[in-house]
Structures are given as C-alpha cells and as structure tokens.
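Chains as they are written, first to last, in the working numbering: chain X, 1 to 200; chain Z, 1001 to 1200. Worksheet for the structure shown next.
There are 2 protein chains.
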Amino acid sequence: MIRILLAEDQNLLLGAIGQLLALEDDLDVVGRAADGDEARALIEQHRPDMVVSDIEMPGMTGLELAEWLAREHPEIRVVILTTFARPGYLRRALEAGVSGYLLKDTPAEKLADAIRRAQRGERVIAPELALTAFDAKDPLTMRERQVLRLAGEGISNAEMGRRLHLAEGTVRNYLSEAIGKLNADNRIEAWRIARDQGWL
Amino acid sequence: MIRILLAEDQNLLLGAIGQLLALEDDLDVVGRAADGDEARALIEQHRPDMVVSDIEMPGMTGLELAEWLAREHPEIRVVILTTFARPGYLRRALEAGVSGYLLKDTPAEKLADAIRRAQRGERVIAPELALTAFDAKDPLTMRERQVLRLAGEGISNAEMGRRLHLAEGTVRNYLSEAIGKLNADNRIEAWRIARDQGWL
DNA sequence: CATTCAGCGTGACAATTGTCATGCGCCAAT
DNA sequence: ATTGGCGCATGACAATTGTCACGCTGAATG
C-alpha cells in the first residue's frame, strides 16, 4: 500500500484526483492540502510514502516543498504534477531529487501507473520534457531577476529604484543586462522569456 | 438522467471529473472533448442535455462555444467551469445565456449538485463572482484592444505599426488612450488590467 | 439638416526606457 | 600577491514610449 499526500491548490482537481486515486486498491490518499504550508503540516502528521504536488500554490510552492522534503525527509518520494512545461522548473525539481515530473494534461489513467513506477524507484518524467531538461541554464543574477519581476508587473524604473534603494540608472542597467542576456528587445519580451523558462 | 458533454483541455482534469460525474447515477457523461472544435463535433453527434466547458482552450474558446450553442442549440444548457474569476468573462457568459459559471476551486463534491441545479433551470454562479458581475463595462475600442494585446507580447510600437498598417504615432496614440481609460501608468499595467478584467 | 460625439488617424513634443563606458569590491585561479 | 572575471552600482546619451492638440469621417440626436 502506497500512502500518498496530495498538494494542489485547485480544489476541484484536488478532490477529483483524490477520489480517482482512492479507487486503486494499492493506493491510499492519507491527506489533501490546498497549499504548501498545509502540505508540510500534514506530512509531519501522517508521514506518507509519497507527496504528489502542484508547483504554483499560494505560500510555499511545490518546488520549495520538494527542496524541504529532500533536506528533512529524504525517504519521502516526491512527484510534481504541474501545468507548466518550463525547463527551469524541471531542472530545479530534478536538482531537488524528485521522483517524477508530470504535466496536468497527462491522461488520468496514466497517473496511478506513474505513481507506482515512481514508488518503485524509477524516475518518471513527462516525455515532452525529457529532452528539454538540460538546455539553457538560468543566466540571470539576483538583481536582474528582481527588476525583471517588477518590470513584469508594470512598475516604472523610478518606482523600482525606490523599492530596491537603487538609482534609477542602476535599475535601467540591470534591465538592460537582462534584456541582452535573454536576447529580447525590451523588458516585456525579456520578462516573458524568463517566465517561460521558469526563471522568475 | 442528465446527458453531459465535457470540454476541458487539461486532460487530467477532463478524465478525473469525467469519472467523478460518472459515479453519480443520474448523470451520464456522453462525450469528452479536449478543445472547442472537438466539443462542437461531439455535440452534433450526441445532442447532450448539457455542456460543461472550460473557457481557455485551443481553437474555439468556451465562450465562443457557449455563444454558438445559444444560436444553434438553445435547448442545450451550458455550464462554464474555469480558473479565471474575470468579470468580463462572466459578463460575456451571462450574455450568452449560460446556466452556470463555476470556478475550478469549487470543492469537487459540489459540482454534481451545481449541475443538477442548472439542469432544473436555476442559474448557478460562483458566489465570489455573483457581486462583481456588473461593475465595469469594457471601455476599449477594437483598435485599443488590438494594440494592447500586441503590447502585452512585448512588440514595439514600430512593429505594431507595420503589422496594423498604421503610423507609429497612431499606435502610440491608441496605447495612450487605453492607458488613460484603464487608469494605468504604462502599457504593461494597462495590459494586465485589461486581461484581468477579461477584456482581451 | 445642422450639430454633436465617438472612433480613427497623424505628428510634435515630453517623459521614460534602453545602451554603453566606467568604477568598485570580492573571490578564485594563477 | 597579482590578475581576471563577475556582480554591483552609476550617469551620460540614444531610442523608444507616452501625451497632447489636431483633422477627418460617419452615425445618432435634436
């Protein structure tokens, strides 16, 4: 019997796959969490064999959860289940030692099977992603990432300077660096590229 | 027996709620589609009592599907099931005469119930949205919408001018209009506001 | 049928954004 | 102990973006 904890912020999906997995007789869903912090609490309480988690959740993300598990409970396997085929996410997940990385458009029938394979020690990666895993490495520095994130929200250079305690010119410089590194033509394009790679 | 057709591009969710609904003995899932066009074909074929559809799908969106159903098969009820609490989406859905508008973070248990109520003729709206339905109406003109969409992809004014066969100054003007109407400070903020309202 | 008004289109000018050269400190490799 | 590279920080200058005043059209209103 594989004891599973689910973390997924979309309630409908949380409930639906919960029921789906509960129908399998070798799987037992011991807990359901709607965000990373709740997941962590339930993990301490139930000590499941495996955590199946979304990435983008309020509070602690699935990647942070995976990294925390690798440190604190390395015996608990992790399967990431996400909408986003972002290379940077996969890379980070693999670096956290996850056993699986599946996309939410996997057919439902395959999920239980993937979980079993992961539990047996196999590493289960969505085939669309297996290739792209090791292409580009994040070239951004912390400062560049900061300004890019803010730029994506439509914040002006002047305002960024104020928030980060930098001269406006400095902010412009980081943005320009980022735009250059990402081969973009402006901040918006740069932001989209970085986001799609999972670098923000 | 309520005969249902599901349209949802996230396969996992499509399969999971399909199974979930099939467990109810007064509900029958007669077809599953992964995009709007497939949904339309299956509707012609099966003539379900109700269509449960996502909004953002490749090809024909759920809103377009709802509008088409209102014209071609007004007897078929529509329930929209989406991630996005965007007022503009709800408004448009209601104008297409849908019977329900639910968010994907509804607990799974409530879904079947909402479907039954919708089938009985009730109009089921996610409570978070019931209020916001009739606040702001889309103030954008077609041109403004066009340039805003392109701006959101990081396209420069010059390039937009080329694509739309307009002088660069004209493009700048539409953007400026849009920024003004939306009370934004720049194109990015304007784009985000419009998108969050469901106006793009 | 005159008038008003909204949408489309434009260019001049102002403000913001992007690029580049430069300097500083730190650390790792010679 | 140097040297070279990288990240951080800045300002001058160039390019792009944002604002405004304006003209044109057609549809709606009186």
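Positions of the beta carbon are idealized from the N, C-alpha and C atoms, including for glycine.
Would you report the Cα separation of residue i and residue j, rounded to the nearest angstrom?
i, j, result
"L1090/Z", "Y1101/Z", "7 Å"
"E1067/Z", "R1143/Z", "23 Å"
"L81/X", "E38/X", "17 Å"
"A93/X", "T106/X", "18 Å"
"N11/X", "Y174/X", "39 Å"
"P127/X", "A1194/Z", "36 Å"
"H1165/Z", "E1159/Z", "10 Å"
"S1176/Z", "Q146/X", "27 Å"
"A85/X", "L131/X", "11 Å"
"R1172/Z", "A167/X", "28 Å"
"N186/X", "D1185/Z", "17 Å"
"E44/X", "P1139/Z", "51 Å"
"A4/X", "V1124/Z", "Reading off the sequence shown, one finds Ile at residue 4/X, where the question assumed Ala. Cα-Cα distance, rounded: 34 Å."
"N183/X", "V98/X", "31 Å"
"E122/X", "D25/X", "21 Å"
"L1129/Z", "L1006/Z", "22 Å"
"P1074/Z", "R1116/Z", "18 Å"
"T1141/Z", "A1178/Z", "9 Å"
"R1120/Z", "M57/X", "35 Å"
Short check: CB of residue i to CB of residue j, under 8 Å?
i, j, result
"P1048/Z", "I1017/Z", "no"
"G152/X", "W191/X", "yes"
"I1055/Z", "L1027/Z", "no"
"G36/X", "G62/X", "yes"
"L207/X", "R163/X", "Nothing can be reported for residue 207/X, as the shown portion of chain X is limited to 1 through 200."
"V78/X", "S53/X", "yes"
"G1180/Z", "I188/X", "no"
"A1114/Z", "A1096/Z", "no"
"G1015/Z", "A108/X", "yes"
"L13/X", "L1111/Z", "no"
Can you tell me whether residue i is buried or exposed, with buried defined as 16 or more other CB within 10 angstroms of its CB?
i, result
"K1137/Z", "exposed"
"E8/X", "buried"
"M1050/Z", "buried"
"G1169/Z", "exposed"
"E72/X", "exposed"
"N1157/Z", "buried"
"A197/X", "The question names Ala, but residue 197/X is Gln in the sequence shown. Answer is buried; the Cβ neighbour count reaches 16."
"A1118/Z", "buried"
"L23/X", "exposed"
"A1041/Z", "exposed"
Report the CB separation of residue i from residue j in whole angstroms; it is logged as a contact under 8 Å.
i, j, result
"G1059/Z", "H1046/Z", "Going by Cβ atoms, the distance from G1059/Z to H1046/Z rounds to 19 Å, so no, they are not a contact pair."
"L65/X", "T83/X", "17 Å between Cβ atoms; not a contact."
"Q19/X", "L1020/Z", "6 Å"
Worksheet item: What are the residues of the segment 15–44 of chain X that lie near chain Z, defined by any Cβ-Cβ distance shorter than 7 Å?
Response: Within the segment 15–44 of chain X, the qualifying residues are G15, A16, I17, Q19, L20.
Worksheet item: Of the residues that make up the segment 1052–1068 of chain Z, which ones have a beta carbon closer than 9 Å to any beta carbon in chain X?
Response: Correct list: empty, as no residue qualifies.
Practice prompt. For the segment 1168–1190 of chain Z, enumerate the residues whose C-beta is nearer than 9 Å to any C-beta of chain X, in chain order.
Written response: A1184, D1185, N1186, R1187, I1188, E1189, A1190
Worksheet item: When you check each C-beta in the segment 1106–1123 of chain Z against every C-beta of chain X, which residues fall closer than 8 Å?
Response: T1106, P1107, A1108, E1109, L1111
Worksheet entry | Within 9 Å of chain Z by C-beta, residues of the segment 139–158 of chain X in sequence order | A151, G152, E153, G154, I155, S156
Practice prompt. For the segment 1002–1016 of chain Z, enumerate the residues whose C-beta is nearer than 8 Å to any C-beta of chain X, in chain order.
Written response: Legend: CB atoms of the segment 1002–1016 of chain Z lying less than 8 Å from CB atoms of chain X belong to residues D1009, Q1010, N1011, L1012, L1013, L1014, G1015, A1016.
Discussion item. For the segment 1071–1105 of chain Z, list every residue whose C-beta sits within 9 Å of some C-beta in chain X, in sequence order.
Written reply: Here the close residues are L1081, T1083, L1102, L1103, K1104, D1105.
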